[in-house]
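**Student:** Position 92, counted from 1, in the sequence shown is what my numbering calls 156; the numbers after and before it change by one each time, with no gaps. Glycine included, every Cβ here is placed at the ideal spot set by N, Cα and C. Given the structure is predicted, the values throughout are model-derived calculations rather than measurements. Sharing a structure, written as structure tokens. Questions coming.
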Amino acid sequence: MRGQAPPSTWVFGYGSLLDPRSLQRTVPEVDPQHCIPAAAEGLVRCFDVAFPNDGSQSDKAYYAADGRRPPRILLGNLRPGAGRSANGVCIPVGPGELAALRDRERRYTTTDITHLVAPYSPHPAPAGRVLAFLGRTEFTDAADVARGVLSAEYWDTILAGAAYWDQRVPTFAADFHAGTCAPAPERVERLRRVDLRGS
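Laid out in structure tokens, this is it:
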């Protein structure tokens with residue numbers, strides 16, 4: 065985005081997008097130093113997006129060490145949480161970056177949460193609208209979520225992102241855990257992710 069006008073659209077990254085390495089795999093143009101750490105008031109981070117791991121999704125698949133495919137893989141989401149807040153980072157995006165992120169987050173829809181976002185001091189408020197990717201209805205069925213498991217690598221990536229931002233905002237990691245409904249340990253599995261051609 066170098067040489068362009070100041071961004072008018074931001075994406076609130078609250079899961080794997082917290083990790084600069086994960087972010088830059090999709091949008092290498094974005095400099096993490098231009099992201100703004102912030103909190104989304106009245107929301108809580110949870111893991112109730114259930115990725116169908118049955119071969120119906122064209123972009124990726126997950127395999128356990130024994131070769132089986134767990135039926136559903138859990139991904140992050142934001143839900144209303146009275147008196148709580150979910151922290152994250154506001155990522156500046158242009159049309160190209162937003163399109164790339166929409167392709168990555170294809171189980172989600174973008175929702176404007178500008179009115180909920182408060183930056184950490186002394187960072188400025190993002191100028192423009194702030195969008196969050198929230199799980200689409202067809203991927204948040206309670207029965208599907210109940211039989212899902214979380215990829216340990218995915219969870220580790222999110223935790224690494226929280227640790228990265230804690231070096232810049234001293235309370236970030238503590239706030240992260242306070243605003244997260246963490247998965248039960250028995251629902252976290254070591255899985256191998258396979259990115260499919262044509263995705």
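Starting from the C-beta of S72, find all residues in its chain whose C-beta is less than 6 Å away, skip the five residues before and the five after it, and write them out in chain order.
**Tutor:** Within the sequence shown, the letter at position 8 stands for residue 72. Cβ within range, chain order: G192.
**Student:** For R200, which of E93, L142 and P135 has the nearest alpha-carbon?
**Tutor:** Stepping through the sequence shown from its first residue, residue 200 is reached at position 136. Comparing Cα positions, the closest option is L142.
**Student:** Is the beta carbon of A114 sitting closer than 8 Å to the one on L255?
**Tutor:** Within the sequence shown, the letter at position 50 stands for residue 114. Within the sequence shown, the letter at position 191 stands for residue 255. The answer is no: Cβ separation not under 8 Å.
**Student:** Going by the DSSP bridge assignment, what does E105 pair with across the sheet?
**Tutor:** To locate residue 105, count along the sequence shown from 1; it is residue 41. S149.
**Student:** Residues in the same chain with beta-carbon distance under 8 Å from E15, minus the five sequence neighbours each way, listed in chain order, please.
**Tutor:** What the structure shows of the chain is the stretch from 65 to 263, and residue 15 is not part of that stretch, so it cannot be assessed.
**Student:** Determine the direct distance from the alpha carbon of P186 to that of V91, and round the result to whole angstroms.
**Tutor:** Taking the sequence shown and counting its residues from 1, one reaches residue 91 at position 27. Taking the sequence shown and counting its residues from 1, one reaches residue 186 at position 122. When rounded, the distance between both Cα atoms is 26 Å.
**Student:** Mind listing, in chain order, the continuous beta strand (DSSP E) runs of no fewer than 3 residues lying wholly within the stretch 196-259?
**Tutor:** With a minimum length of 3 residues, the continuous beta strand (DSSP E) runs that stay inside the stretch 196-259 are 212-215 and 255-259.
**Student:** Rounded to a whole number of angstroms, what is the C-alpha to C-alpha distance between D130 and R257?
**Tutor:** Counted from its first residue, the sequence shown places residue 130 at position 66. Counted from its first residue, the sequence shown places residue 257 at position 193. Distance between the alpha carbons of D130 and R257 is about 14 Å.
**Student:** Please name the residue or residues paired with C99 in a DSSP beta bridge.
**Tutor:** Counted from its first residue, the sequence shown places residue 99 at position 35. In the DSSP output, where bridge partners are listed per residue, C99 has none listed.
**Student:** I'd like the ranges of any alpha helix (DSSP H) spanning at least 4 consecutive residues and lying wholly in the stretch 109-197.
**Tutor:** With a minimum length of 4 residues, the continuous alpha helix (DSSP H) runs that stay inside the stretch 109-197 are 159-168.
**Student:** Need the endpoints of the beta strand (DSSP E) that V75 sits in, please.
**Tutor:** Here residue 75 refers to the residue found at position 11 of the sequence shown. Counting along the chain, the beta strand (DSSP E) containing V75 begins and ends at T73 to G77.
**Student:** Reducing DSSP to helix, strand and coil, say where P84 ends up.
**Tutor:** Taking the first residue of the sequence shown as 1, we reach residue 84 at position 20. DSSP places P84 in helix when its eight states are reduced to three.
**Student:** Can you tell which of H241, V75 and A125 has the C-alpha that lies nearest to the C-alpha of P96?
**Tutor:** Within the sequence shown, the letter at position 32 stands for residue 96. Among H241, V75 and A125, the Cα nearest to that of P96 is on V75.
**Student:** From this set, L81, T244, R251 and A164, which residue's C-alpha is nearest R136's C-alpha?
**Tutor:** Along the sequence shown, one-based indexing puts residue 136 at 72. Answer by Cα proximity: R251.
**Student:** Judging by CA-CA distance, which residue of D220, L162 and L82 is the nearest neighbour of C99?
**Tutor:** In the sequence shown, residue 99 corresponds to position 35, counting from 1. Selected option, being the one with the closest Cα: L82.
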